[in-house]
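Working notes for the structure below.
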DNA sequence: TCAATATATTGACAATCTTCGATATATCGC
DNA sequence: GCGATATATCGAAGATTGTCAATATATTGA
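Residue numbers (the UniProt record's numbering), protein chains in the order written: chain G, 1 to 122; chain X, 1 to 122.
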């Protein structure tokens, strides 16, 4: 907080000598938290690659395939799959011994839309 | 890896009894890492709000204003500003006692483009 | 039922991230 | 130079995340 003279160039509309910013904040606390959560889910190379693989081969990829395609061990693949599933971005269906995962297009589109809105608003 | 019979429905083109997936991986290791890094930078509510504020009031917001607008202390604001600056998304200019930050539009656009490409390719 | 296989979960550990008090540095007005 | 203010950096503490070995659970085929 500046308590001296007015800063040289500023958007402030202040009581002289006090920094009381009245600018457009643009994003509420809650909106920022929600978007950050969605972004956090995407912000990992393994999860991005899982999504990419599943998006292109949805419903036909079992965990063993994913494990074979990625540089991490099976429990780690399961861990990331669970995060994506808990986040609503993918779903799994057991077919016999295997569980086949696929992306949930609507949810992915929702994330994309939220991001687009953010970039549109800034 | 399944070493039994063929999974019921699959994109595999396998040696029977062995899981040798030949599906489109869609995203290289490096691409995923790069995108994840960009997303990690965005994936924090304070940083999203910093970007939003700066985007709408660029060049006219000093750190004291940001501190006043956000629920964290000054060293924390400085910390996130540094991450954003190191990531190329914002830049700061000292004017007298104050340092005014603004978003770097080209870099923001690049992130947006990388994201768009990701969503387009999956 | 049993052995084999696929996937999930648990628990531990390391690494990274977040926050903030304390302090350093820079700038201003006097 | 000095006191006041703005911002950055340091260092510590706690929280979160990522990874994996070990183990549990579920399914299959025999």
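Even glycine gets a Cβ: it sits at the ideal position worked out from N, Cα and C.
Length of the line joining the Cα atoms of residue i and residue j
i	j	result
residue 120 of chain X	residue 68 of chain X	39 angstroms
residue 109 of chain X	residue 52 of chain X	14 angstroms
residue 73 of chain X	residue 82 of chain G	35 angstroms
residue 61 of chain G	residue 57 of chain X	47 angstroms
residue 71 of chain X	residue 87 of chain X	23 angstroms
residue 13 of chain X	residue 84 of chain G	Reliability fails at residue 13 of chain X, whose pLDDT of 33 lies under 50, so the model's placement of it is uncertain and the value that follows must be treated cautiously. Their backbone Cα atoms lie some 27 angstroms apart in a straight line.
residue 78 of chain X	residue 114 of chain G	27 angstroms
residue 59 of chain X	residue 104 of chain X	11 angstroms
residue 35 of chain X	residue 97 of chain G	34 angstroms
residue 99 of chain G	residue 106 of chain X	43 angstroms
residue 38 of chain G	residue 89 of chain G	10 angstroms
residue 22 of chain X	residue 80 of chain X	Low local confidence applies: a pLDDT of 46 at residue 22 of chain X is under 50, so the model's placement there is unreliable, and no value is given.
residue 30 of chain X	residue 116 of chain G	24 angstroms
residue 32 of chain X	residue 102 of chain X	28 angstroms
residue 26 of chain G	residue 94 of chain G	44 angstroms
residue 112 of chain G	residue 122 of chain X	12 angstroms
residue 66 of chain G	residue 75 of chain X	42 angstroms
CB contact below 9 angstroms: residue i versus chain G
i	result
residue 79 of chain X	no
residue 122 of chain X	yes
residue 56 of chain X	yes
residue 117 of chain X	no
residue 52 of chain X	yes
residue 92 of chain X	no
residue 11 of chain X	In this prediction, residue 11 of chain X scores a pLDDT of 38, lower than 50, which makes its location untrustworthy; the coordinate-derived value is nonetheless stated afterwards. With 9 angstroms as the cut-off, residue 11 of chain X counts as an interface residue toward chain G.
residue 32 of chain X	yes
residue 103 of chain X	yes
residue 36 of chain X	yes
residue 108 of chain X	yes
Bridge partners - residue i, DSSP secondary structure assignment
i	result
residue 91 of chain G	G:102
residue 61 of chain X	X:101
Start-to-end residues for the alpha helix (DSSP H) that takes in residue i
i	result
residue 32 of chain X	29-42
residue 75 of chain X	74-86
CB contact check: residue i to chain X, cutoff 9 angstroms
i	result
residue 86 of chain G	no
residue 47 of chain G	yes
residue 75 of chain G	no
residue 83 of chain G	no
residue 43 of chain G	yes
**Study point:** Meets three-Cβ-pair contact criterion under 8 angstroms: the stretch 52-67 of chain G and the stretch 34-47 of chain X
**Key:** no
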